[in-house]
Amino acid sequence: CIKPLCDLLLCSDPEIVTVCLKALENILQVGEAEKNTDTDIGDVNQFAQLIEEAEGIEKIENLQSHDNFEIHEKSVKILATYWCGRVVGPQPGLSHAGNEEEDALGSNVITNG
1 CIKPLCDLLL CSDPEIVTVC LKALENILQV GEAEKNTDTD IGDVNQFAQL
51 IEEAEGIEKI ENLQSHDNFE IHEKSVKILA TYWCGRVVGP QPGLSHAGNE
101 EEDALGSNVI TNG
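Following UniProt numbering, the numbering of the sequence shown begins with 1 at its first residue and continues without gaps.
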């Protein structure tokens, strides 16, 4: 179900995109819980890997500049939580003076320090 959810992130309907982001976030939370309790999978969120394989990270990154503020916020939160350092560019309404670094591509990356 991860690939279809990632594909729906390209939908023009903000309600569908919001539901998909929430579903992906819930899936990622389960992956974190499994990562922390299941010694067989190691220190890896398997669902984060599946989202990455489905090109979901790129789609979520693109949603950071979405006109809908809820979609923008949810995408920033997901990237910051599960793919630390993948939040790019100046974020509307966020004060991040002194907390920017440039990644290898020259894009601004918000850091926690």
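Glycine residues also receive a C-beta, built at the ideal position from the N, C-alpha and C atoms.
- Using a C-beta cut-off of 8 Å, the region 32 to 46 makes no contact with the region 60 to 67, since fewer than three inter-stretch Cβ pairs fall below that distance.
- Leucine 10 sits in coil when the DSSP states are folded into three classes, being neither helix nor strand.
- Secondary structure within the region 24 to 71: the alpha helix (DSSP H) runs of 4 or more consecutive residues, fully enclosed, are 46 to 53, 56 to 62 (chain order).
- The C-alpha of aspartate 7 is placed about 8 Å away from the C-alpha of glycine 56.
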